[in-house]
Amino acid sequence: KIVKELLSPSSTSDTRCVKEEWARFINTIASLRKGRNYLAPNESLIIGMQKATIAEQSDTHTKQHLLAALQKLSLRRSVQTIMINENMIKWLLPLLSKSNSLSDYTLEYGVALLMNLCLRTEGRKKCAEVAEQAITVLASLLTHPNHETRPYVNSSLYSILTLKSVRDKAIHQ
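First residue of the sequence shown? That's 1 in the UniProt record's numbering, and the numbers climb one at a time after it.
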């Protein structure tokens, strides 16, 4: 039911409100360890949340809550695997490249999610596939006025630069 609501088109203000409240509710549940224990095994929910986040065209409250919930859930290895396999990294990089048009909330949770995914070998490999973009985005975030993102940016860079192919691209960029 929740996945269906999240993926339904937001044609009316009522639909948008319902979607936003579901996203807020999921984010609240994901904030607690027991909530993550409850949500993490539901692969269709994770994929649905990811699709709903991607479908939001602008930096809406719905997108913010879903992205925050995904970041909190990405503390779990099983959820990281789902997100990596569903190409979350390739969606996050273009989003984060527009850092000046994102809310601090979206930026912080987006960068933290990227960091969690880059901590995994498979996540680093996905970054290596788009190494130039990853390096460009992360390098630009190092100088972003929001200092809260720096530890996540540094950790992401440190993780992906462990791959020789990424280091080589960084040197030549």
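Each residue gets a CB set at the ideal place from its N, CA and C atoms; glycine is no exception. Please read these numbers as outputs of a predicted model, since none were measured by experiment.
The beta carbons of ILE82 and GLY123 sit no closer together than 9 Å.
Judged by DSSP in its simplified three-state form, VAL166 adopts helix. With respect to ASN116, LEU66 sits apart: the two C-beta atoms are not nearer than 9 Å. Annotation for LEU102: ASP59 place their beta carbon closer than 6 Å to its own, counting only its chain and skipping 5 residues before and after.
Sequence-distant Cβ neighbours of VAL111 in its own chain, meaning closer than 8 Å and more than five residues away, are LEU96, LEU141, THR149, TYR152, VAL153 and SER156. A direct Cα-Cα distance of roughly 19 Å separates LEU45 from LEU114. For the alpha helix (DSSP H) assignment, the uninterrupted runs of no fewer than 4 residues enclosed by the region 94 to 135 are, from N- to C-terminal side, 104 to 118 and 121 to 129. In the DSSP annotation of this structure, the continuous segment of the alpha helix (DSSP H) that includes GLN50 starts and ends at 43 to 55. Contact annotation: ALA23 and ALA55 have beta-carbon atoms that are not nearer than 9 Å.
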